[in-house]
Structure formats: structure tokens, C-alpha cells
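Peer 1: Numbering (the working numbering), first residue to last: 1183 to 1406. Every residue, glycine too, gets a C-beta built ideally from N, C-alpha and C.
Written out as C-alpha cells, the structure reads:
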């Protein structure tokens, strides 16, 4: 059965959908910046920057609350169907993933704050590179969402192994470091935690890719 092309309040519905898309885009840009700031807080031992990441997470949470309120209001008052309803649900899922990415950035910033006064470990191993990969994935999935590019979403999900390879190499290096020198255990363990948070951010990008496929194609695919 063909999906209905017209909604009785099309102009108003389009306006609300545009607002939802804009919020998701803003949340994605915020997360990209939070990753960068959290890692700068670590590598530059900048406690003030870490505090900024932690405090500003409230803004991301507020954006998600705004999106949820708009989405639920649209569903209740305009009864969208088919593709429109699917888009609302997809954007809700995406906002949830972005909000959780923000939580991971907060966790990284808190760890970085705790390590600020301690000696650096080998240039923080490959963490800056891993964070850069994560930021790139956030930016590319946002571009795919804006352009509604399902092929790009699948390609982005398929590239997750690059982050995984860095994570596993970094994990092995840190374990070896702790084995060789027990005085590094506290610092190295915390760097493992940071790597885990970055790996989870990358995984959530894949989840957003799956949400985009659902939004556009109307089916759930496991891209992980």
C-alpha cells in the first residue's frame, strides 16, 4: 500500500519536523565539540575545560527534553502517519543516542580532571587519535542524516572497525604498561576507561546509522 502523500495540516507538520531535525543537528554539533573539549582537557591538563564540558551537558539534556516535548505534542495533536511518524520516531532515537554520547563526554572530562595533576603516560597513547576518529564519525553521520543518505549511513557503520582496532591496540598497550610498571596502574586504568567511553561513542554512531535506515526505509537493520 502506498504511503499517504498529504497530511491535512501539512505546512504545520513540516514546520515541526524541521524543528526536530534542527535540534538533532544542533545536538550532534554539541557532541562533536564536547569530544574535542574533553580530550583537550585531558591532553592540556585543563581543569577549567573539563569543568566546562561537565557543566554544559545540562544544555544537551535540555535540547533532548525540548525535542521530546515537541515530538510527543506533534504525535498527540497531529496524528502523523507512515513516513512522518517514522521520521519522528527516528529523530527521537537519534536524540537519545546523542544525549548518551554527551554523558560519555562528561565521564571523560571527569577522569581527565582527576588525572590533571599526575604525570602524563606516553602522550596518552592513541587516545587523541581515537577521539579524532569518533569526532569524524559524529560529523559524517550528521551529514548523512541531513542529506537522508542511507548508503552513507551503511558505510559509516561499516567503518566502525577502525575505532575498534585503535581501542584494542590501546588496551593492549596500557595493560603492558601496567605490567611493566605498577606505578602506572591508576593512570593507565583511567585511560582504559576513557578509551571505553570513546568506543561507546563510536558504537552509538552506528546506532544512529541504523535509525537513519529505519527513518528512510521503514525497516530495522543491524549494522553493528
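Alpha carbon to alpha carbon, what distance is there between residue 1335 and residue 1328?
Peer 2: 11 Å
Peer 1: Could you tell me if residue 1358 is buried or exposed, where buried requires 16 or more neighbouring beta carbons within 10 angstroms of its beta carbon?
Peer 2: With fewer than 16 other Cβ atoms within 10 Å, it is exposed.
Peer 1: Within the chosen definition, does the stretch 1339-1350 reach the stretch 1382-1399 through at least 3 CB pairs nearer than 8 Å?
Peer 2: yes
Peer 1: My understanding is that residue 1195 touches residue 1262, with C-beta atoms under 8 Å, so please give their C-beta distance in whole angstroms.
Peer 2: For residue 1195 against residue 1262, the beta-carbon gap comes to about 6 Å, under 8 Å, which counts as contact.
Peer 1: With a 10 Å radius around its C-beta and 16 neighbouring C-beta atoms as the bar for buried, classify residue 1217 as buried or exposed.
Peer 2: buried
Peer 1: What whole-angstrom Cβ distance do residue 1349 and residue 1326 have, given they're in contact under 8 Å?
Peer 2: About 23 Å separates the two Cβ atoms, so there is no contact after all.
Peer 1: Alpha carbon to alpha carbon, how far is residue 1244 from residue 1222? Give it in angstroms, no decimals.
Peer 2: 24 Å
Peer 1: Which residues mark the beginning and the end of the alpha helix (DSSP H) in which residue 1234 is found?
Peer 2: 1229-1260
Peer 1: Residue 1197 by DSSP, collapsed to three states: which one?
Peer 2: helix
Peer 1: Apart from the five residues on each side of it in sequence, which residues of its chain come closer than 8 Å, Cβ to Cβ, to residue 1344?
Peer 2: Excluding positions up to five away in sequence, the list reads 1315.
Peer 1: Per DSSP, what kind of secondary structure is residue 1332 in: helix, strand or coil?
Peer 2: It is helical.
Peer 1: For residue 1368, count the other beta carbons within 10 Å of its own beta carbon; 16 or more makes it buried, fewer makes it exposed. Which is it?
Peer 2: exposed
Peer 1: Count the CB pairs spanning the stretch 1263-1278 and the stretch 1296-1310 that are closer than 8 Å, and state whether there are at least three.
Peer 2: Taking 8 Å as the limit for Cβ pairs, the verdict is that the stretch 1296-1310 does not touch the stretch 1263-1278.
Peer 1: I need the straight-line Cα distance from residue 1300 to residue 1372, nearest angstrom please.
Peer 2: About 12 Å.
Peer 1: Tell me whether residue 1203 sits in a helix, a strand or coil according to DSSP, three-state version.
Peer 2: helix
Peer 1: Below 8 Å, how does it come out for the stretch 1225-1245 and the stretch 1200-1209: are there three or more Cβ pairs, yes or no?
Peer 2: yes
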